[in-house]
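Participant: Sharing a structure, written as structure tokens. Questions coming.
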Amino acid sequence: MASRPTVSVRSATGEASTSLTLPAVLTAPIRLDVVQQVHKSIAKNKRQAYSVAENAGHQTSAESWGTGRAVARIPRVGGGGTHRSGQAAFGNMCRGGRMFAPTKTWRKWHVKVNQNQRRFAVVSALAASALPSLVLARGHRIEGIEEVPLVVSSGVEEYTKTKEAVTLLKALNAYTDVTKVSNSRKLRAGRGKTRNRRHRQRRGPLIRLHRRLNLLQLAPGGHLGRFVIWTEGAFNLLDEVFGTFDKASAYKKDYYLPTAKISNPDVTRIINSDEVQSVVRPSQGKKQRRVKQNQKKDGSVKTKKPGKAAGETFLTTLLAP
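Residue numbers (the working numbering): 32 to 352.
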């Protein structure tokens, strides 16, 4: 079996120090549909229950006037001396009434996702983060870095100051992506400004220090290609956490990496290859068939009567000497 490619480990100064074997999880198949479905489902697990008050719209003593008064039978506020008396109440069409089908806190807020699907989504997100084309397509500024995935020495885990992290990112030529994120802070357009979501901001590089990985961070919004900066220790653990195609994971019982349905995804090239074209029959031309028209039932045919010229030709032939 051919050896897998290697990845260089960068020091704090940006120089390549050692090299590591590329983990098998970064070569796994990428399924965008699985990532989007799982992301949409697990993102609902942070929602908080809400509802209107149980007695909302019913905090008044109103009774229907019954029939015979030439007004609707909706309950009306009693009393007098105010404009409120006689006004309709309770109904969802009334001013100050309750809403239709008041919301309840026992709605199904969370969604259960199968464990294997969640793992497949994380694996696909990790594999997409190792492709420079997908990382660039997501909008990350990685033109200056040496390679993707980007691995740094484990010494950066001891950093406690922001200026140390800034120095590291500048040495790795990855600070351009941070600048892009800083400049992307914009005021939100909608009502979210009043709901603790006043600003919008893009996502920058994700630094992974340990083995716990979150799909919501690896593929924000369900979009593949997050720029991930790995530490050497976390990068070495990937084969143990997710296993390989023929070796089970050390952390997930009996879990193997998913295999691709086809080894070559270029279906057009397969179909047009000499091996396939030599055994398939040639394509048939499209046969234009005349539509049969029933002259007794089809109205468009019945309206087509012989013209005057046809009648004259018949008479000329009949009376010919």
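Heads up, the beta-carbon is just placed ideally off N, CA and C, and yes, glycines get one too.
On the premise that leucine 288 lies in contact with alanine 156, defined as a C-beta separation below 8 Å, what is that separation, rounded to the nearest angstrom?
Facilitator: At roughly 14 Å, the Cβ-Cβ gap does not stay under 8 Å, so alanine 156 and leucine 288 are not in contact.
Participant: How long is the line joining the alpha carbons of arginine 35 and glutamate 263, rounded to whole angstroms?
Facilitator: 17 Å
Participant: Could you spell out the range, first to last residue, of the beta strand (DSSP E) harbouring arginine 150?
Facilitator: That residue, arginine 150, is in no beta strand (DSSP E); its alpha helix (DSSP H) goes 146-159.
Participant: First and last residue of the alpha helix (DSSP H) that includes serine 39?
Facilitator: It is not in any alpha helix (DSSP H) - serine 39 instead sits in the beta strand (DSSP E) that spans 37-41.
Participant: Could you round the C-beta distance between leucine 57 and alanine 161 to whole angstroms and report it? I think they count as a contact, below 8 Å.
Facilitator: A Cβ-Cβ distance of about 4 Å is found for the pair leucine 57 and alanine 161, placing them in contact under the 8 Å criterion.
Participant: Can you say whether leucine 350 is buried or exposed, counting buried as having 16 or more other CB atoms within 10 angstroms of its CB?
Facilitator: exposed
Participant: At which residues does the beta strand (DSSP E) containing arginine 239 begin and terminate?
Facilitator: 237-239
Participant: Classify arginine 172: buried if its beta carbon has 16 or more other beta carbons within 10 angstroms, exposed otherwise.
Facilitator: buried
Participant: Which runs of the alpha helix (DSSP H) fall wholly inside the stretch 43-89 and span at least 4 residues, in chain order?
Facilitator: 63-73
Participant: Along the chain, which unbroken stretches of the alpha helix (DSSP H) at least 4 residues long are found entirely within the stretch 244-311?
Facilitator: Entirely contained in the stretch 244-311, the alpha helix (DSSP H) runs reaching 4 residues are, in chain order, 246-249, 263-267, 269-273, 298-302, 305-308.
Participant: For the beta strand (DSSP E) that valine 209 lies in, which residues bound it at each end?
Facilitator: Valine 209 -> not in any beta strand (DSSP E); alpha helix (DSSP H) instead, spanning 206-214.
Participant: Please classify phenylalanine 131 as buried or exposed, where buried requires at least 16 neighbouring CB atoms within 10 angstroms.
Facilitator: exposed
Participant: Tell me, please, whether the stretch 89-102 touches the stretch 165-184 by the rule of three or more beta-carbon pairs shorter than 8 Å.
Facilitator: Contact between the stretch 89-102 and the stretch 165-184 is absent, with fewer than three C-beta pairs closer than 8 Å.
Participant: Checking 8 Å against the spacing of the C-beta atoms, do serine 48 and serine 184 come in under that value?
Facilitator: yes
Participant: Could you pull the DSSP bridge partners for glutamate 94 from this structure?
Facilitator: Answer is Arg107, bridged to glutamate 94.
Participant: To the nearest angstrom, how far is it from the Cα of threonine 275 to the Cα of alanine 55?
Facilitator: 5 Å
Participant: Under a three-way DSSP split, which group does arginine 169 fall into?
Facilitator: coil
Participant: Any idea what DSSP makes of leucine 350, helix, strand or coil?
Facilitator: coil
Participant: Any heavy atom of the ligand MN closer than 7 Å to the beta-carbon of serine 294?
Facilitator: Questions concerning the ligand MN fall outside what the structure shown contains, since it holds no ligand whatsoever.
Participant: Just verifying my parser: in three-state terms, what is the DSSP assignment at lysine 194?
Facilitator: Residue state for lysine 194 is assigned as helix, using DSSP reduced to three classes.
Participant: Counting beta carbon pairs with one atom in the stretch 206-217 and one in the stretch 113-131, are three or more of them shorter than 8 Å?
Facilitator: Using a C-beta cut-off of 8 Å, the stretch 113-131 makes no contact with the stretch 206-217, since fewer than three inter-stretch Cβ pairs fall below that distance.
Participant: Do alanine 158 and isoleucine 293 come within 8 Å of each other at the CB atom, strictly closer than that value?
Facilitator: no
Participant: Give me the Cα-Cα distance between valine 197 and asparagine 145, rounded to the nearest whole angstrom.
Facilitator: A direct Cα-Cα distance of roughly 39 Å separates valine 197 from asparagine 145.
Participant: According to DSSP, is alanine 119 helix, strand or coil?
Facilitator: strand
Participant: Expressed to the nearest angstrom, what Euclidean distance is found between the alpha-carbon atoms of threonine 299 and glutamine 308?
Facilitator: 12 Å
Participant: Which first and last residues belong to the beta strand (DSSP E) in which leucine 203 is found?
Facilitator: Neither: leucine 203 is in no beta strand (DSSP E) and is coded neither H nor E.
Participant: Identify the continuous beta strand (DSSP E) that holds valine 322 and give its terminal residues.
Facilitator: Careful: valine 322 lies outside any beta strand (DSSP E) and carries neither H nor E.
Participant: For the stretch 66-77 and the stretch 199-208, state whether three or more C-beta atom pairs, one from each stretch, are separated by less than 8 Å.
Facilitator: Touching, no, given that fewer than three Cβ pairs across the two stretches are closer than 8 Å.
Participant: How long is the line joining the alpha carbons of asparagine 214 and glutamate 177, rounded to whole angstroms?
Facilitator: 24 Å
Participant: Which residue from Glu271, Arg257, Lys143, Pro296 puts its Cα closest to that of lysine 284?
Facilitator: Glu271
Participant: Closer than 8 Å by C-beta to methionine 32: which residues in its own chain qualify, once you throw out the five before and the five after it? Chain order, please.
Facilitator: Caution applies to methionine 32, whose pLDDT of 35 falls short of 50 and renders its modelled position unreliable; the model cannot decide the point.
Participant: Just to confirm, are tryptophan 261 and arginine 239 a CB contact at a threshold of 8 Å?
Facilitator: yes
Participant: In angstroms, rounded to a whole number, what distance separates the CA positions of lysine 77 and histidine 141?
Facilitator: 8 Å
Participant: Quick check: is the beta carbon of serine 304 nearer than 8 Å to any beta carbon in chain D?
Facilitator: Although the question refers to chain D, the structure presented lacks it and comprises just one protein chain.
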